[in-house]
Ligand code: GDP
Ligand code: IMO
Ligand code: MG
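In the numbering used here, the protein residues as written are 1 to 459.
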């Protein structure tokens with residue numbers, strides 16, 4: 001069977017930790033979209049692993065697959081595998097031949113476009129990993145796929161076509177001099193070709209490539225269990241998120257089928273678990289109706305003065321939760337849980353269960369609020385409008401819950417659900433009722449043991 005782990009909000013909900021929590025039962029853990037923009041944390045016995053491309057199952061020694069829907073920067077992949085080996089793990093990663101390759105010019109263009117947009121304050125705040133430009137090339141049918149790295153003629157032909165275009169874009173549209181770029185080789189066909197061939201050789205020597213659909217279908221046919229590890233989150237999904245402040249792939253559950261080559265029936269016939277952070281965080285720009293305080297440069301309209309009403313509260317939650325980007329180290333924007341957002345997410349993904357994390361971070365507050373619905377033009381609405389501009393106009397109707405005390409969360413995790421402070425249980429049950437999905441696990445700390453498990457989706 002399959003278990004699909006999906007971010008229900010804006011990324012960083014604690015997906016890596018949940019993949020690790022249930023990953024022991026899985027034989028294979030597959031990523032289906034995104035690339036090294038992801039930063040997934042696993043904490044095993046106090047040792048922290050931050051993974052951006054290697055699927056989180058590596059910590060438990062599971063086979064990892066990067067599905068065809070992923071964009072793969074081989075440089076990052078090899079660097080991460082080598083670093084994990086030095087730490088005593090032995091990652092077994094298979095890369096889909098159909099996955100697209102992030103090449104140096106994609107990162108360069110990500111940076112150039114963000115800079116150009118910043119002149120009109122319209123940058124997305126990307127991770128700078130070249131994700132958008134690589135998916136653009138995929139959709140534009142001018143991308144380089146992992147399988148192309150083994151075919152010298154095809155590779156050269158592809159690079160010659162695409163690099164000429166990128167050069168023209170840099171020089172004629174952005175009016176920049178290629179020789180002034182930090183990495184001028186990023187637009188040099190010969191240099192790129194040599195680099196790409198080297199990537200291909202290592203992938204081949206280490207026997208790392210697969211036809212992901214076939215590989216996973218064979219595993220399932222043999223009765224093995226597969227976990228799909230979503231990256232990012234529903235509200236930064238290119239279709240279901242707040243476009244254009246999104247990533248360029250489909251983190252939603254449908255992406256697990258398209259991005260691996262396993263049928264939607266199989267994915268939908270398994271479990272789809274929505275990972276919910278008990279409050280909200282966001283890295284980058286775009287609206288956030290329940291935001292507390294703000295982050296200069298990311299929160300629209302927020303300037304150096306700061307001083308929003310709930311600045312102290314935002315700072316408190318940011319510090320308690322260690323809310324700084326895993327990939328970029330940027331402070332994350334913080335807000336109350338947004339229930340209309342989660343209703344949208346539950347519908348788009350069809351959650352069969354929920355994992356609600358970071359309940360410990362909220363402990364000690366007098367009250368905990370949620371945006372229960374929005375006011376939009378004098379009308380109460382219960383889900384997100386489809387356009388981002390309308391979403392920005394939404395005023396949340398806040399509902400207040402009594403806070404809960406800080407307790408010994410490790411003990412709570414050992415004792416189980418009833419040991420969770422009553423007010424926290426009231427909060428959790430409200431979320432479960434609103435989303436019409438059972439709670440499978442509750443995160444009360446970053447470690448593998450710091451979870452209250454109510455249900456194991458593989459059982
Ligand atoms: P991901 O991208 O969804 O995998 O999440 P990240 O790893 O980017 O961010 C989640 C952060 O919160 C990591 O530092 C986790 O170790 C940590 N974390 C996960 N679950 C919990 C939890 O229940 N409580 C606390 N305090 N931290 C958690
Ligand atoms: P995980 O898997 C949080 C955000 C970026 C930016 C937007 C587009 O760790 O949850 P991109 O580089 O993808 O083109 O950036 O998406 N973003 C994430 N935010 N968690 C992530 O991944 C993210 N991956 C991308 O901050 O706003
Ligand atoms: Mg993350």
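Glycine included, every Cβ here is placed at the ideal spot set by N, Cα and C.
Helix, strand or coil, according to DSSP, for residue i in the structure here?
i, result
"residue 397", "strand"
"residue 253", "coil"
"residue 182", "coil"
"residue 124", "coil"
"residue 337", "strand"
"residue 99", "coil"
"residue 388", "helix"
"residue 275", "strand"
"residue 292", "strand"
"residue 133", "helix"
"residue 317", "helix"
Let's see if you can read the secondary structure: which residues bound the alpha helix (DSSP H) around residue i?
i, result
"residue 78", "74-86"
"residue 108", "104-118"
"residue 269", "264-269"
"residue 228", "Note, residue 228: premise wrong, no alpha helix (DSSP H); beta strand (DSSP E) at 226-229."
"residue 66", "Per DSSP, residue 66 belongs to no alpha helix (DSSP H); it is in the beta strand (DSSP E), 63-66."
"residue 18", "15-22"
"residue 154", "152-168"
"residue 479", "No statement about residue 479 is possible, as the shown extent of the chain runs from 1 to 459 and does not include it."
"residue 412", "409-415"
"residue 44", "Counting along the chain, residue 44 falls outside any alpha helix (DSSP H), though it belongs to the beta strand (DSSP E) covering 40-44."
Here's the rule I'm using: 16 or more other beta-carbon atoms within 10 Å means buried, otherwise exposed. How should residue i be labelled?
i, result
"residue 408", "exposed"
"residue 91", "buried"
"residue 174", "exposed"
"residue 291", "buried"
"residue 349", "buried"
"residue 122", "exposed"
"residue 26", "buried"
"residue 33", "buried"
"residue 298", "buried"
"residue 318", "buried"
"residue 151", "exposed"
"residue 289", "buried"
Excluding the 5 residues preceding and the 5 following residue i in the sequence, name in chain order all residues of the same chain whose CB lies nearer than 8 Å to its CB.
i, result
"residue 405", "363, 364, 421"
"residue 170", "108, 109, 112, 176, 178, 181, 187"
"residue 346", "8, 274, 435, 436, 437"
"residue 83", "none"
Shortest alpha-carbon distance to residue i belongs to which of the options?
i, options, result
"residue 194", "143, 64, 456, 156", "156"
"residue 30", "44, 99, 88, 49", "99"
"residue 68", "95, 264, 87", "95"
"residue 89", "148, 263, 418, 56", "56"
"residue 271", "36, 38, 459", "459"
"residue 366", "275, 316, 433", "316"
"residue 450", "335, 442, 456", "442"
"residue 133", "414, 162, 153", "162"
"residue 37", "333, 230, 277", "230"
"residue 49", "87, 453, 428, 126", "87"
"residue 397", "223, 166, 378", "378"
"residue 46", "61, 360, 22, 17", "17"
"residue 389", "241, 419, 338", "241"
"residue 399", "296, 145, 426", "426"
"residue 21", "146, 368, 42", "42"
"residue 313", "296, 283, 279", "279"
"residue 371", "343, 352, 141", "343"
"residue 322", "302, 360, 432", "360"
"residue 253", "403, 235, 44", "235"
Cutting at 6 Å between CB atoms, please list the residues of its own chain near residue i, excluding the five before and the five after it.
i, result
"residue 311", "293"
"residue 324", "331"
"residue 381", "374"
"residue 541", "The structure shown does not extend to residue 541, since the chain is modelled only from 1 to 459, so the question has no answer here."
"residue 385", "391"
"residue 287", "391, 392"
"residue 465", "This structure leaves residue 465 out entirely; the chain is present only between 1 and 459."
From which residue to which residue does the beta strand (DSSP E) around residue i run?
i, result
"residue 372", "367-376"
"residue 282", "280-282"
"residue 186", "No beta strand (DSSP E) holds residue 186; DSSP gives it neither H nor E."
"residue 430", "Taken as a continuous stretch (DSSP letters only), residue 430 belongs to no beta strand (DSSP E), being part of the alpha helix (DSSP H) at 422-435."
"residue 380", "379-381"
"residue 96", "92-96"
"residue 5", "2-7"
"residue 49", "47-51"
"residue 362", "It is not in any beta strand (DSSP E) - residue 362 carries neither H nor E in the DSSP assignment."
Short of 7 Å in beta carbon distance, which residues of its chain neighbour residue i, apart from the five on each side in sequence? Order them along the chain.
i, result
"residue 233", "7, 8, 9, 10, 11, 13, 251"
"residue 167", "178, 187"
"residue 327", "37, 39, 52, 127"
"residue 482", "No statement about residue 482 is possible, as the shown extent of the chain runs from 1 to 459 and does not include it."
"residue 116", "174"
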